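Per my numbering: the sequence shown = residues 3 to 47.
Even glycine gets a Cβ: it sits at the ideal position worked out from N, Cα and C.
Because the structure is a prediction, the values reported are computed rather than measured.
Here is the structure we will look at, set down as structure tokens.
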Amino acid sequence: RITNGVVEGINNKLKLIKRLGYGFSNFDNFKLRDLLPWVFPFKTA
């Protein structure tokens with residue numbers, strides 16, 4: 003059985019960052035905030 007859980011997780015993370023990005027007046031700052039979790043993944047434990 004194959005699931006699309008990984009893709010849905012990535013999509014959810016991108017949508018969350020997009021929602022948090024409202025209010026940024028500079029696209030470069032928004033882009034940096036978008037890329038940071040992918041470069042330095044957050045530890046959950």
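| Check | Outcome |
| --- | --- |
| Assigned secondary structure, L3 (DSSP; H/G/I helix, E/B strand, else coil) | Reading the sequence as shown, one finds Arg at residue 3 and not Leu. Of the three classes helix, strand and coil, the one that applies to R3 here is coil, per DSSP. |
| Whether R35 touches G25 by CB criterion (8 angstroms) | no |
| DSSP three-state assignment for N28, whether helix, strand or coil | coil |
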